[in-house]
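Heads up, the thing below is written out as structure tokens.
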Amino acid sequence: MNLRYLRAAIAACAVFSLGASLSAEEFQLDVQQITHGPQHHFFGYIGQSLTIPWNQSGRYILALRTDFHYRMPQPDDAAEIVLIDTQNDNRVLPIETTRAWNFQQGTMFYWHPRHAETQFFFNDRDPQTGRVFTVLHDIEKRARIREYRFEGTPVANGAVSPKGDFFLAINYGRMARLRPVTGYPDAADPTAAELAPANDGIFRVDIESGQRKLLVSFQQLRDHLRDETPHCDEAAFYINHSLSNREGEFVYFYARGRVGRESMAVNVPCSIRTDGTQLTRQQFIGGHPEWDTGTVVIGALAPRQVRYDVTQQAIIGQIGTDTTFPKPGGDVALSPHADWFANGYATSGGKQNRYVLLRRSDGLTLRSPAFSRGPYTRSALRIDSAPRWNRSGNALLVPGITADGTRQLHVIRIQTK
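Next up, the structure:
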């Protein structure tokens, strides 16, 4: 099989709804490997909240490049930040480096929504102090045009508002201790001695002014959850999956707490308005949420892929049928126009990832070939499915282990025959 270009013409498995009558034979999925060894290439985070690897025109794809992938990075292990030039035979162009990264979430890449042709965010750490911060880089100027560094608790980007006015920032040093898979090993953490510090939590950083505000502290979260949640007073709190909705009005996140070896002894989904009001405990709908439009979150209550409204605190519908998605709790992403939905999941035995793509207007469903996870099926080095849409909503960027044992990027493209 040609490893440089794997073309999989797959007959679509159609699901019919609302009386639609569509031919599955009209569609196929083309799969192309766009990076190659001997070095490793990966993007990182799931395509949640419009996390799109492509720039505005679609010419460049952001990625990290490393010489290893068999261990977590140490503080001095810099990863290269590269652009993949899709108009030049996917040529890989190194443009920057970062010391704040991991294999599951990368360095929290996000193209600036207001300048998405040339500007993107990534995280870095000061090699002298170990303090993390966020960088805004311009590829046209080939330079960092801003660094967001703060006194007190050092924090870095956890999610950019799709409106482009702010980003949510968290303490990755704390994450490195309490949830290593999503932290930056040995990053500075001045709140380490406290279980639920009042000066740490989710921060909102204004992109234009650079000012930050603590939206909700770990102390507030502990006090809010204590009455209905065991282990709150003994758990060391941290944040996972802080996601801004498309309108930039709400944040959905997981308040989590570690007790001994149990990293999620506390595991409660919450929402809060982006002005810091209306902190609300929400119903648990799986560990990999994605915002739909408005105040609706997409999640999982097996066997269903459900739609849950955070203001009503109720399930209001589902995507597909009870048999559409083998694992509704997998990594999920909604296309920019909200018309296509992708669910990525590990196959039985965990050795491969597959993807289900569903067109919401009529329920048309496409299923991908398998992508190898190699030996990286568990723990901090695992290769999760992590689908990410392009801006046109007709292609996904996904990871996989290739025949030479390297970690590489692939594009799944929806095509008509």
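For reference, each letter of the sequence shown is one residue, going -23 to -1, 1 to 394 in mature numbering (1 follows the signal peptide of the UniProt record, and there is no 0). Cβ atoms here follow ideal geometry from the backbone N, Cα and C, with glycine treated the same way.
Exercise for the section: Measuring alpha carbon to alpha carbon, tell me which of Ser325, Met152, Gly135, Thr379 ends up nearest Phe144. Expected result: Gly135
Exercise for the section: Tell me whether Leu145 sits in a helix, a strand or coil according to DSSP, three-state version. Expected result: strand
Practice task
Put Leu341 into one of helix, strand or coil per three-state DSSP.
Solution key: strand
Problem - Sufficient close CB pairs (3 or more, under 8 Å) joining the segment 247 to 264 to the segment 177 to 193 - result: yes
Exercise for the section: Give a yes or no on contact between the segment 322 to 329 and the segment 268 to 284, applying the rule of three or more CB pairs nearer than 8 Å. Expected result: Contact between the segment 322 to 329 and the segment 268 to 284 is absent: fewer than three C-beta pairs spanning the two stretches fall below 8 Å.
Handout entry: First through last residue of the alpha helix (DSSP H) which encompasses Asp200
Key = Residues 195 to 202.
Handout entry: Bridge partners - Lys190, DSSP secondary structure assignment
Key = Arg181
Handout entry: Residue from Ser362, Arg284, Thr393, Asn217 whose Cα sits closest to the Cα of Arg384
Key = Ser362
Problem - Closest residue to Ser349 among Leu341, Ile360, Arg355, Gly340 (Cα-Cα distance) - result: That would be Ile360, whose Cα lies nearest to the Cα of Ser349.
Exercise for the section: Kindly provide the ranges of any beta strand (DSSP E) runs that are 3 or more residues long and lie completely inside the segment 2 to 80, ordered along the chain. Expected result: Secondary structure in the segment 2 to 80: the beta strand (DSSP E) runs of 3 residues or longer, each lying completely within the stretch, are 4 to 10, 17 to 19, 37 to 43, 56 to 62, 68 to 75 in chain order.
Problem - Best match in Ser219, Glu171, Pro246, Glu185 for proximity to Ala212 [C-alpha to C-alpha] - result: Residue nearest to Ala212 within the set Ser219, Glu171, Pro246, Glu185 is Glu171 (criterion: CA-CA distance).
Problem - Cα-Cα separation, Pro376 to Ile389 - result: 10 Å
Handout entry: Sequence-distant residues of its chain with Cβ nearer than 6 Å to Met85 (five each side left out)
Key = Same-chain partners within the cutoff: Asn100, Asn134.
Exercise for the section: Could you tell me if residue 408 is buried or exposed, where buried requires 16 or more neighbouring beta carbons within 10 angstroms of its beta carbon? Expected result: Since the first residue shown for the chain is -23 and the last is 394, residue 408 is missing from the structure and cannot be characterised.
Handout entry: Buried versus exposed, by CB contacts within 10 Å (16 or more), Thr270
Key = exposed
Exercise for the section: Return yes when the Cβ of Asn176 is within less than 7 Å of the Cβ of residue 397, no when it is not. Expected result: Because the chain spans -23 through 394 in this model, residue 397 falls outside it and cannot be assessed.
Exercise for the section: Pick helix, strand or coil for Gly306, following the three-state DSSP scheme. Expected result: In the three-state reduction of the DSSP assignment, Gly306 falls in the coil class, being assigned neither a helical nor a strand state.
Exercise for the section: My understanding is that residue 398 touches Pro162, with C-beta atoms under 8 Å, so please give their C-beta distance in whole angstroms. Expected result: The question about residue 398 has no answer, for the chain in this structure spans -23 to 394.
Problem - Those runs of the beta strand (DSSP E) which lie wholly inside the segment 112 to 177 and span at least 3 residues - result: 120 to 125, 133 to 137, 143 to 147
Problem - Integer Cβ distance of Asp299 from His265, believed to fall under 8 Å - result: Contact doesn't hold; Cβ gap of about 19 Å is too wide.
Exercise for the section: Would you give the residue range spanned by the beta strand (DSSP E) that Arg350 belongs to? Expected result: Premise fails: Arg350 is in no beta strand (DSSP E) and is neither H nor E.
Exercise for the section: On the DSSP bridge assignment, give the partners of Gly377 in chain order. Expected result: The beta-bridge partner set that DSSP reports for Gly377 consists of Gln385.
Exercise for the section: Leaving aside the five residues before and after Gly83 along the sequence, list all residues of the same chain whose C-beta is less than 7 Å from its C-beta, in chain order. Expected result: Phe19, Phe20, Gly21, Tyr22, Leu41
Problem - Option nearest Gly107 by Cα separation, candidates Gly306, Ile29, Tyr149 - result: Tyr149
Practice task
Please name the residue or residues paired with Leu358 in a DSSP beta bridge.
Solution key: In DSSP, Leu358 forms no bridge with anything.
Exercise for the section: Pull up the distance between the alpha-carbon of Ala310 and that of Glu267, whole angstroms please. Expected result: 6 Å
Problem - Among Leu334, Glu226, Leu341, Gly340, nearest to Thr288 - alpha-carbon criterion - result: Glu226
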